[in-house]
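> Shown below is the structure under consideration.
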Amino acid sequence: MKTLTKTLLTATLILGLPLGAYAASETVATTQAGAMTDCPGGMMGGKHHGSRHDKMARMQNMTPEQIQANLQQRFDKIEDPIKKAEFVKNLTLRAEGMTKHAEAMKLFAEAHQ
Numbered sequence: 714m715k716t717l718t719k720t721l722l723t724a725t726l727i728l729g730l731p732l733g734a735y736a737a738s739e740t741v742a743t744t745q746a747g748a749m750t751d752c753p754g755g756m757m758g759g760k761h762h763g764s765r766h767d768k769m770a771r772m773q774n775m776t777p778e779q780i781q782a783n784l785q786q787r788f789d790k791i792e793d794p795i796k797k798a799e800f801v802k803n804l805t806l807r808a809e810g811m812t813k814h815a816e817a818m819k820l821f822a823e824a825h826q
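Once you know that position 15 of the sequence shown is 728 in our numbering, the rest is easy, because the numbers rise by one and skip nothing.
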């Protein structure tokens, strides 16, 4: 009985692994092709950027008042005072970085007009 079990297990592995690998590769190929056609607005080079880039794109379309309201909502959701302070600190650092980038772009544009 033990020999029969080993034989059946070996036969299953020999036949099952290639079939399983083929089925998995077909599933991945089908999923990737479908994913590329499902989201034409969020595609770049065949890969979806993800939620971080989607948020960035939405923020570019927001008015300053909308951005301020969004930040206030996020700030109000934070309960821990330490995390609130960290949120404000990170926001300040991010704003300073964006200001530096904006100044560099402005200087470049002015130099090439």
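Note that CB positions come from ideal geometry on N, CA and C, so glycine has one too.
Smallest Cα separation from Gln-781: which of Gln-826, Ala-808, Leu-820 and Asp-767?
Position 68 of the sequence shown, counted from the start, is the residue given in the question as residue 781. Per the Cα distances, Ala-808.
> Pull up the distance between the alpha-carbon of Leu-804 and that of His-825, whole angstroms please.
Here residue 804 is taken as the residue at index 91 of the sequence shown, counted from 1. Here residue 825 is taken as the residue at index 112 of the sequence shown, counted from 1. Leu-804 and His-825: Cα-Cα distance of roughly 32 Å.
> Going straight from the alpha carbon of Thr-776 to that of Met-811, what length do you get?
For the purposes of this step, residue 776 is taken as residue 63 along the sequence shown, with counting starting at 1. For the purposes of this step, residue 811 is taken as residue 98 along the sequence shown, with counting starting at 1. Approximately 16 Å, taken between the alpha carbons.
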